[in-house]
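See structure below.
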Amino acid sequence: MRIAVGCDHTAVALKQELIAFVEELGFSVRDFGVESGASCHYPEIAEPVCRAVAAGECALGLLICGTGVGMSLAANKVTGIRCAVCSESYSAEMTRRHNDANVLAVGARVVGSEVAKRIVQAFLSTPFEGGRHQTRVDMIMDMEKRSREGTL
């Protein structure tokens with residue numbers, strides 16, 4: 000399974016640690032940058048990561064910025080993306096299990112690398128439960144469709 004990963008300038012070191020960790024877990028990674036601490040705009044990273052996930056080129060995505068919030072806001076503008084920002088592993092597990100989230104956002108200034116690893120591991124190892132949760136995901140996706148059509 001291939002994971003799309005991207006970060007802004009605040010999270011380069013954590014991104015490198017998480018890429019190594021994700022590969023240790025047995026996943027392949029497609030790195031969308033950035034590679035330096037030079038200031039950049041997080042939507043320019045979130046968009047290609049999410050397009051790769053939405054197109055099926057990558058199974059899931061991981062976005063890292065200072066808080067995770069900016070990346071998650073940008074990510075959720077891409078059709079087909081359900082991104083959650085998580086600061087602990089329980090939420091990461093539940094957003095996969097109940098929301099079928101396909102992108103995870105993490106804040107490099109909010110969590111340390113060991114907590115981030117636990118969050119990522121929970122996200123990547125948890126399957127979608129389906130059942131009654133599928134109905135809710137379908138409702139979210141219908142809202143997205145109606146928003147695109149201007150009928151929401």
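Just so you know, numbering that gives the first Met the number 0 puts the end of the sequence shown at 151, numbered straight through with nothing missing.
Just so it is clear, CB atoms sit at the ideal spot from N, CA and C, and this is done for glycine as well.
Item	Value
Three CB pairs or more closer than 8 Å across the segment 113 to 127 and the segment 92 to 104	yes
Neighbour-count burial assignment, residue 69, 16 or more Cβ in a 10 Å radius	buried
Integer-rounded CB distance, given that residue 53 should sit under 8 Å from residue 8	With 8 Å as the limit, residue 8 and residue 53 do not qualify as a contact, their Cβ atoms being about 25 Å apart.
Per-residue DSSP class, three states only, for residue 63	strand
Backbone CA spacing between residue 154 and residue 58 [nearest angstrom]	No answer is possible for residue 154: it lies beyond the span of the chain, which begins at 0 and ends at 151.
Sub-8 Å separation of residue 3 and residue 77 beta-carbons	no
Which of helix, strand or coil DSSP assigns to residue 18	helix
Same chain, Cβ closer than 6 Å to residue 20, five either side skipped, listed in chain order	116
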